[in-house]
Each structure stands twice: as structure tokens, then as C-alpha cells.
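Numbering (mature numbering (1 follows the signal peptide of the UniProt record, and there is no 0)), first residue to last: -18 to -1, 1 to 354.
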């Protein structure tokens, strides 16, 4: 069984400076690691153990006995506040080593309580799970820092999937007139580049429409390993310099007035873009929507998966919530969704049901972990 322990200690002077909430500070107890945020994230791919402790803003003058419990009722409010869709771990799939933590006299961090995740076999594919753990009582006289009364243990499950070696995959979006003027667009993909372009124009295409809305690495004016949204008169280049043989989630969002680039769910570049709606259905071969190439070349040398095209502007939370997989419950407003998880055959399924299957014989990479 894997052990992942939360052992985040700090002196109370540092805690005072780190405290960003509006509470009047006084000597108090709180879950270790929640000084700035009540959320602590873990990646799990099976049974795991997480050590949880209580910290104090000073050395305890006497023993403090802290009683805690799992409080599933808090999850709905948390999801609403932070724009998440976390699910509660089934009650039979976890256990606590007890319900009390003791902070001994002269100490400022307690003994550990162990949260044990017993199994992940009942987890839904792609879902993120969360366990709220709340302080319910303190014996010993110290108060609780209210903003840190509850710790949210967020469990990101590892998915083991296939990915496709990238080749030029042009699509026939031109057959759909509803895609001729799209006021808001989001494109997403997970990519791993094996080698960036080494000759002019130094472009490795991820996807999109040439001269209209194209997500790509490189150009003559930027480094070959920088991401850029090109076309339409409002290019935006990300600041990240990408590494080879490493998986990244990419997203570009046009909300009607701004274009934003995200790398692994974090904003990487943006530009004001008072442009016309996006044309996804170019009428010529050079203006077709393509994945993995453009202008019949400029190929992406690497692997690709989880490719999605939306007729809406996703928020940062929506991007972060679904980087490895997205449930059918949220297919609304999708143009197409290719998981590239088939591992065999020559048909890459469009999971939205909109009929944009790709017919292509591909080379596959097995055992891809998401997140890594």
C-alpha cells in the first residue's frame, strides 16, 4: 500500500504572514497545509494512505485533543464555491485510523491521523473525488481557525489510456454550415512532442484551420517549442517552453472578444481579439480543419489524445476539471470529441454522436498515464 503523507510544518511566525483571510488572527488550530487554501490534492492509482495532522499557531500550553469527522454534506457547497464537480468517495471505500488527533504540550503539530483509500474500483472513469474532513470539537482550550476548520482531500485518479501517433488528419467540417460562423470556440488536446520542427517555418501543428484559428508550436518569429494560436489577425503566443517526451494539456479559448491559451489548466497567454466569429468549415483543402498537420504538412511529431472542439468558451475551472476525460453528461456544446483511445482499427470515434469519426490507420502508444 502506498503511503503519501502530508507533513507540512511551519513556525507560527510564517503562518501569520501566510494568512490571507480576513479573520482576526489569534492563537488557533487548523489542518496542516490549509493556511492558504482548504484543498490538498493527491494523485492515486489504487489503495493509498494519506497522513493528516493538526497544526497550531503557537506551542501548545497543554494537550489539545481535536475530534474530526468526514463531513460529506460540505462537498456540494465546496463544488459551488469553486466551480468543481468533485464526487464523494463511496463510504465503503475509505476508512480513518481514528477520530482524534492529539497536539501535545510544547508542540505545534499533532500526531498523524491516517486516511486510507481502500480501493478505486468503484470510481467513475475520469471523475475526481473528494473527502471533506472537519474539526468538530477541541478539548484543551484553543480555538479553531474557521477558514481551515475543514480540509478537502482531493483525489485525482490516474487513467491508463492509449494515444495516437500524430499524422495529418483533415476533417470535413465544411459539410456543416452551422460551423461557418461560430461566435465562441474552445479547442483542447493532450500532446506529447517527440521532436519539434528543426527547419523553416519551424511549425508543428496541433489542430485548427489555417489562417483562421490554428493551434501550433513554433513559427519563424518564435521558438519551435512555444505554443501559438495563429490566424484571424490576433495571434497569441504562450510563455511556456515545452519539453520533448512530456505530456501536456493544451487549450485555446475564444470568448468573442479575447483569446486565451492554457497549458495544463494554467493561463499561458492572452490577447484582446475583437475579431469576427470563427470559421471552422473552410471550403478549400488548404482551409480545412485538421488535426496534427496543416497545409498537408507541418506535422506534429509526437502523440495526441483527448482532442475536443467546442462551440462555447470554457472557463478555466471547466478546463481544469476535465483534462484527462469528460463525461457524456457534458457533451452539450461540443462539436466533436476524439479520445484517440481505440488502440486498434482505422476508425477514431467522435464520442459526441455528431458523426465526425476520423478514418485513418494510426500507430498507437499504450499505457499512457493521465495525469502523469
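For every residue, glycine included, the Cβ atom is placed at its ideal position computed from N, Cα and C.
Here residue 259 has 163, 164 and 165 as same chain residues with Cβ atoms under 7 angstroms from its own Cβ, once five neighbours each way along the sequence are excluded. Judged by beta-carbon spacing, residue 136 lies within the 8 angstroms limit of residue 112, meaning their Cβ atoms are closer than that value. Residue 235 is classed as buried because its beta carbon has at least 16 other beta carbons within 10 Å across all chains shown.
Annotation for residue 38: the continuous beta strand (DSSP E) segment containing it runs 36 to 38. A contact between stretches requires three or more CB pairs, one per stretch, nearer than 8 angstroms, and the segment 223 to 233 meets this requirement with the segment 167 to 176. Closest in C-alpha terms to residue 224, from the list 210, 216 and 214, comes 210.
The C-beta separation of residue 134 from residue 21 comes to about 5 angstroms, placing the pair in contact by the 8 angstroms criterion. Comparing alpha-carbon positions, the option among 47, 89 and 319 lying closest to residue 337 turns out to be 319. Looking only at 88, 109 and 92, the smallest Cα-Cα distance to residue 71 is reached by 109. A residue is called buried when at least 16 other Cβ atoms come within 10 angstroms of its Cβ; residue 242 meets this threshold and is buried. Boundaries of the alpha helix (DSSP H) harbouring residue 64: 56 to 64, taken from the DSSP string. Per the Cβ contact rule, the segment 306 to 325 is in contact with the segment 282 to 295 (3 or more Cβ pairs under 8 angstroms). Between residue 41 and residue 188, the CB-CB gap reaches or exceeds 8 angstroms. The C-alpha of residue 147 lies about 19 angstroms from the C-alpha of residue 200. By the Cβ criterion, the segment 8 to 16 is in contact with the segment 124 to 133, since at least three pairs of Cβ atoms, one from each stretch, lie closer than 8 angstroms. 68 is the residue among 48, 159 and 68 whose C-alpha sits nearest the C-alpha of residue 57. Excluding the 5 residues flanking it on each side, residue 178 has same chain C-beta neighbours closer than 8 angstroms at 184, 186, 199, 200, 206, 207, 224, 226 and 283, in chain order. Nearest C-alpha to residue 85 among 268, 34, 64 and 221: 34.
Around residue 161, the same chain offers 155, 262 and 263 as residues with beta carbons nearer than 6 angstroms, after the five sequence neighbours per side are excluded. Distance between residue 313 and residue 296, taken at the CA atoms: about 12 angstroms.
Residue 185: not part of any alpha helix (DSSP H); DSSP gives it neither H nor E. Assignment of residue 312 by DSSP, reduced to helix, strand and coil, places it in the helix class.
Taking a 10 Å sphere around the C-beta of residue 310, we find fewer than 16 other C-beta atoms and assign the residue as exposed. Here DSSP, grouped into helix, strand and coil, assigns residue 303 to helix.
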